[in-house]
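Novice: Taking full-length UniProt numbering, the leading residue of the sequence shown gets 1, the next gets one more, and so forth.
Every residue, glycine too, gets a C-beta built ideally from N, C-alpha and C.
Remember, it's a predicted structure, so these values are computed and weren't measured experimentally.
Take a look at the following structure, please.
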Amino acid sequence: MASSITTAFLQYPTPTYVLTASTLGLFLDTTPDAASSVVAISLLQLHSQHAHRRQNALRNHIILLLSLSLATSVAMLGPSLTALSSPAMSIITLYNMSLVKNTIALLIIQVNTLLSSRISARHATITLFPALWTSAWYLVALTSPVGKLFTWTPASGLERYEWLIPYTGSIAVDWVTSSWANILTQFVGSWFMGTARKDTLDEDELIGDLVDAPVSSTSPQAAGSRSLAFGGFLLALTIPSHIWSELPTPAYSPGMTPFSVGCILPTLARSKHTRPTLDDYIYESKQYANRADVLLWPESAVHFDNPEDRDAAFGQISREVIGSSVAVSFEETVRDVTKPEGRTAIKRLGVAIVNKDGVQAQYFKQHLVPVAESFSIVRWDLPPAIYELPLRAPKGVKSPDWAPAPKFTRPIPLTMSICLDFAFPTAFTSLTARPSLILAPGRTWHVSISRMLLEQTRLRAVEIGSTALWCDAGEESSANSALSGIVGAQRREPYQIGRGSWVQTIGIPYPFDTAGQTLYARIGSAGGLLVVWLVAISSAHSLMLVGVSSLGKKRIAAALGGSWDLVRSSWLHQRAPPVQEQDLLH
């Protein structure tokens with residue numbers, strides 16, 4: 001089996017790479033796993049190294065790109081058909097986005113191949129690619145209109161490395177993924193090279209492969225030792241995850257504050273409307289008010305045509321929903337005060353915390369869904385802020401035993417953000433304190449999109465050492481179009497699929513250390529990028545020592561003795577015309 005696979009790659013390289021990449025692309029859906037991502041990245045690396053300086057390289061890259069983009073589009077076809085007004089427009093947009101995303105991936109890999117072929121110290125290339133891959137996708141996430149949704153970052157399979165995220169952000173996920181992919185490329189490339197040689201290649205062909213394929217070095221043993229050393233380092237990074245608990249601290253345990261939160265999702269059968277109304281949400285909230293400290297409504301739960309309607313609705317909620325704070329998610333029409341005379345009306349999406357004392361805090365959506373929202377709604381620039389909810393003693397607990405005088409309340413720091421905002425790694429880097437809970441209303445159109453944004457919400461919570469309440473209403477026409485739940489470092493799975501209100505109690509440490517921000521929350525991704533490049537530079541030196549020690553004295557002497565011949569032959573090879581590659585596509 002292995003021999004036939006090797007033969008296919010060596011004798012029919014382009015068709016085999018295209019077929020394999022297309023097959024792997026079918027696994028790169030909205031929430032790809034780490035294994036699929038690692039294998040796909042490694043395959044693209046091998047193809048880049050094979051096509052390097054060969055005739056028709058550009059054509060082969062384009063064919064691979066088009067095929068891979070088609071496969072990844074098919075993988076995400078289900079949730080994309082209803083994303084826009086027509087299925088045709090949705091499919092065209094999906095393919096174009098896949099094409100751009102995969103083009104970026106291939107460009108990163110091609111740059112790595114070009115740089116690696118010109119680096120004399122082969123040991124330095126092992127950590128070069130992870131640094132390039134991580135840095136490039138971080139820049140893409142910052143500039144893309146959909147943030148991290150437009151990257152190759154896997155959504156699962158790297159839980160053992162999650163302890164790194166509070167220090168580096170989700171950069172750690174991209175770095176670990178690309179590192180394992182690079183190790184796989186090193187081993188598979190050396191295996192192919194060894195199979196292809198079998199001591200039958202002449203000197204010129206061997207030197208050509210050495211220059212064109214960075215996975216090969218002057219010594220396969222040294223390359224293997226360096227890859228094993230780096231792989232051992234990656235495995236060592238999983239050790240802390242085996243020590244720390246993977247379960248959340250029980251809510252009713254010493255040093256914890258039981259805090260009940262709820263997601264209000266009225267069922268259509270109860271509301272008797274095609275879409276729940278304001279009265280439906282108020283009625284549902286009243287049923288759960290005595291069981292929850294905070295109730296969250298999903299994104300755009302209610303619509304207000306003017307500020308007067310909004311204020312009247314907030315007043316009604318304040319009077320009728322007793323015993324709980326309500327995070328009201330709404331869409332409103334207001335006058336654009338930046339225009340002359342303020343006559344132009346604009347729409348914005350927001351969430352407001354309302355209790356018996358009125359509106360306590362507000363936040364407006366910063367990042368809008370392209371096309372679906374960006375044409376009709378205005379984005380807001382104000383970042384999230386911290387609101388401290390005063391929590392009174394529960395029934396059966398005396399106030400002095402609950403909190404000190406004079407207020408006898410425990411402060412619960414909250415913050416808010418809305419749906420697509422969670423796809424951006426800088427969503428909460430502007431906060432000056434650590435929140436205990438993030439209110440995260442959402443409205444998606446497919447369960448796969450809901451899961452994707454739920455995972456992004458979880459990552460943002462892990463980055464700043466917090467927990468998030470995700471409340472997604474989904475589409476009214478579908479009973480199981482959305483997920484909802486409480487997510488964070490020890491909370492990975494959704495609580496519920498589909499509609500139906502619910503309440504869950506979580507534990508918050510008391511007193512809560514608002515000043516205990518994570519390193520990522522304090523300095524953002526700068527620290528993570530610095531670490532990535534420090535690892536690339538420092539490991540180059542240490543891995544070189546591992547590789548050299550594995551050669552032995554005789555191999556070192558032979559390598560040094562033939563260094564001039566290798567340099568001379570490499571120079572002649574670079575001046576030679578491109579290697580003629582048989583056209584296997586006809």
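Which whole runs of the alpha helix (DSSP H) in the segment 225 to 279 are 4 residues long or more, in chain order?
Specialist: 239 to 243, 268 to 271
Novice: Looking at R499 and residue 587, is the spacing between their C-beta atoms short of 8 Å?
Specialist: A question about residue 587 goes unanswered here, because the residues of the chain that appear run from 1 up to 586.
Novice: In angstroms with no decimal places, state the Cα-to-Cα distance between L437 and A141.
Specialist: The sequence position of residue 437 within the sequence shown is 437, counting from 1. The sequence position of residue 141 within the sequence shown is 141, counting from 1. Looking at the two C-alpha atoms, the distance is approximately 24 Å.
Novice: Alpha carbon to alpha carbon, what distance is there between Y363 and D381?
Specialist: Residue mapping note: residue 381 aligns to position 381 of the sequence shown, counting from 1. Residue mapping note: residue 363 aligns to position 363 of the sequence shown, counting from 1. If you take the alpha carbons of D381 and Y363, they lie about 10 Å apart.
Novice: If we ignore side chains and look at the alpha-carbon of each, how far apart do A313 and A405 end up?
Specialist: As a position in the sequence shown, residue 313 is number 313, starting the count at 1. As a position in the sequence shown, residue 405 is number 405, starting the count at 1. A313 and A405: Cα-Cα distance of roughly 34 Å.
Novice: With 16 other CB atoms within 10 Å as the buried threshold, where does Y252 fall?
Specialist: To locate residue 252, count along the sequence shown from 1; it is residue 252. Burial call: exposed.
Novice: Could you have a look at P413 and say whether DSSP puts it in helix, strand or coil?
Specialist: Here residue 413 refers to the residue found at position 413 when the sequence shown is read from its first residue. Strand at P413.
Novice: Can you tell which of I183, L132, K101 has the C-alpha that lies nearest to the C-alpha of S144?
Specialist: Here residue 144 corresponds to residue number 144 of the sequence shown, with the count starting at 1. It is K101.
Novice: Looking at the secondary structure, which residues open and close the beta strand (DSSP E) in which S484 lies?
Specialist: Sequence index remark: in the sequence shown, residue 484 carries index 484 (1-based). Run containing S484: 483 to 488, per the beta strand (DSSP E) assignment.
Novice: Going by other Cβ atoms of all chains shown within 10 Å of its Cβ, with 16 needed for buried, is D357 buried or exposed?
Specialist: By one-based count along the sequence shown, residue 357 stands at place 357. Residue environment for D357: exposed (fewer than 16 other C-beta atoms within 10 angstroms of its C-beta).
Novice: Please go through the same chain and pick out, in chain order, the residues whose beta-carbon is closer than 8 Å to the beta-carbon of P240, but skip the five residues on each side of it.
Specialist: Numbered from its first residue, the sequence shown carries residue 240 at position 240. The answer, listed in chain order, is W163.
Novice: Using a Cβ-Cβ cutoff of less than 7 Å, which residues in the same chain neighbour V18 once the five nearest sequence positions on both sides are dropped?
Specialist: As a first step, residue 18 is located in the sequence shown; it is residue number 18 there, counting from the start. Contacts found: I63, L64, S67.
Novice: Taking the alpha-carbon positions, what's the S22 to V371 distance?
Specialist: Looking up residue 22 in the sequence shown gives position 22. Looking up residue 371 in the sequence shown gives position 371. Rounded to whole angstroms, the separation of the alpha carbons of V371 and S22 is 29 Å.
Novice: Span of the alpha helix (DSSP H) holding W133?
Specialist: The count along the sequence shown starts at 1 and reaches residue 133 at position 133. Element bounds for W133: 125 to 143.
Novice: Assign W502 to one of three DSSP states: helix, strand, or coil.
Specialist: Taking the sequence shown and counting its residues from 1, one reaches residue 502 at position 502. Correct three-state label for W502: strand.
Novice: Taking only three categories from DSSP, how would you classify A35?
Specialist: Residue mapping note: residue 35 aligns to position 35 of the sequence shown, counting from 1. Of the three classes helix, strand and coil, the one that applies to A35 here is helix, per DSSP.
Novice: Distance check for D336 and F27, CA to CA, integer angstroms please.
Specialist: Numbered from 1 along the sequence shown, position 27 holds the residue referred to as residue 27. Numbered from 1 along the sequence shown, position 336 holds the residue referred to as residue 336. In this structure, the straight-line span from the alpha carbon of F27 to that of D336 is close to 45 Å.
Novice: Specify the secondary structure class of H367 as computed by DSSP and reduced to three states.
Specialist: Residue 367 sits at position 367 when you count from the first residue of the sequence shown. Coil, per DSSP.
Novice: Consult DSSP for V321 and reduce its assignment to one of helix, strand or coil.
Specialist: Position 321 of the sequence shown, counting from 1, holds the residue named residue 321. In the structure shown, V321 sits in coil (DSSP, three-state: anything other than H, G, I, E or B).
Novice: For P413 versus T518, is the C-beta spacing smaller than 8 Å?
Specialist: Locating residue 413 in the sequence shown gives position 413, counting from the first residue. Locating residue 518 in the sequence shown gives position 518, counting from the first residue. No, they are not a contact pair.
Novice: What are the partner residues of R348, as DSSP defines its beta bridges?
Specialist: Taking the sequence shown and counting its residues from 1, one reaches residue 348 at position 348. Answer by DSSP bridge pairing, in chain order: E332.
Novice: Following the continuous alpha helix (DSSP H) through I63, name the residue where it begins and the one where it ends.
Specialist: If you number the sequence shown from 1, residue 63 lands on position 63. 57 to 75 is the span of the alpha helix (DSSP H), which, as asked, contains I63.
Novice: With 16 other CB atoms within 10 Å as the buried threshold, where does L391 fall?
Specialist: Within the sequence shown, numbered from 1, the residue matching residue 391 stands at position 391. Label assigned to L391: buried.
Novice: Apart from the five residues on each side of it in sequence, which residues of its chain come closer than 7 Å, Cβ to Cβ, to S178?
Specialist: By 1-based counting over the sequence shown, the position of residue 178 is 178. Here the set comprises I41, F129, P130, W133, T134.
Novice: Measure the C-alpha to C-alpha separation of R270 and I282 and round it to an integer number of angstroms.
Specialist: Taking the sequence shown and counting its residues from 1, the one referred to as residue 270 is at position 270. Taking the sequence shown and counting its residues from 1, the one referred to as residue 282 is at position 282. One C-alpha to the other measures close to 13 Å.
Novice: Under DSSP, the beta strand (DSSP E) around A440 begins and ends at which residues?
Specialist: Along the sequence shown, read from residue 1 onward, the residue named residue 440 stands at position 440. A440 -> beta strand (DSSP E) spans 437 to 442.
Novice: Starting from the C-beta of T409, find all residues in its chain whose C-beta is less than 7 Å away, skip the five residues before and the five after it, and write them out in chain order.
Specialist: For this step, residue 409 is matched to residue 409 along the sequence shown. Cβ within range, chain order: P390, L391, R392, A403.
Novice: Would you mind reading off the limits of the alpha helix (DSSP H) that contains P87?
Specialist: Along the sequence shown, one-based indexing puts residue 87 at 87. Segment 87 to 117, the alpha helix (DSSP H) holding P87.
Novice: Would you kindly work out how many angstroms separate the C-alpha atoms of G524 and G169, rounded to a whole number?
Specialist: As a first step, residue 524 is located in the sequence shown; it is residue number 524 there, counting from the start. As a first step, residue 169 is located in the sequence shown; it is residue number 169 there, counting from the start. Near 7 Å, if we compare the C-alpha coordinates of G169 and G524.
Novice: What's the gap between the Cα of R379 and the Cα of H50?
Specialist: As a first step, residue 379 is located in the sequence shown; it is residue number 379 there, counting from the start. As a first step, residue 50 is located in the sequence shown; it is residue number 50 there, counting from the start. Using only the alpha carbons, I get a separation of about 46 Å.
Novice: Tell me where the alpha helix (DSSP H) around T23 begins and ends.
Specialist: Taking the first residue of the sequence shown as 1, we reach residue 23 at position 23. Its alpha helix (DSSP H) spans residues 13 to 25.
Novice: Let me know if I243 comes out buried or exposed under the rule of 16 or more other beta-carbons within 10 Å of its beta-carbon.
Specialist: Position 243 of the sequence shown, counting from 1, holds the residue named residue 243. With fewer than 16 other Cβ atoms within 10 Å, it is exposed.
Novice: In angstroms, rounded to a whole number, what distance separates the CA positions of R160 and P254?
Specialist: Taking the first residue of the sequence shown as 1, we reach residue 160 at position 160. Taking the first residue of the sequence shown as 1, we reach residue 254 at position 254. Computed Cα separation, rounded: 28 Å.
Novice: Judging by CA-CA distance, which residue of V326, Y95, S376, A155 is the nearest neighbour of I346?
Specialist: Taking the sequence shown and counting its residues from 1, the one referred to as residue 346 is at position 346. The residue with the shortest Cα to Cα distance from I346 is S376.
Novice: Give the secondary structure of H47 by DSSP, where H, G and I count as helix, E and B as strand, and everything else as coil.
Specialist: Your numbering for residue 47 matches position 47 in the sequence shown. Helix at H47.
Novice: Can you check which of these residues, P411, L278, T415, W175, is closest to F512 by C-alpha distance?
Specialist: Position 512 of the sequence shown, counted from the start, is the residue given in the question as residue 512. Of the listed residues, the one whose Cα sits closest to F512 is P411.
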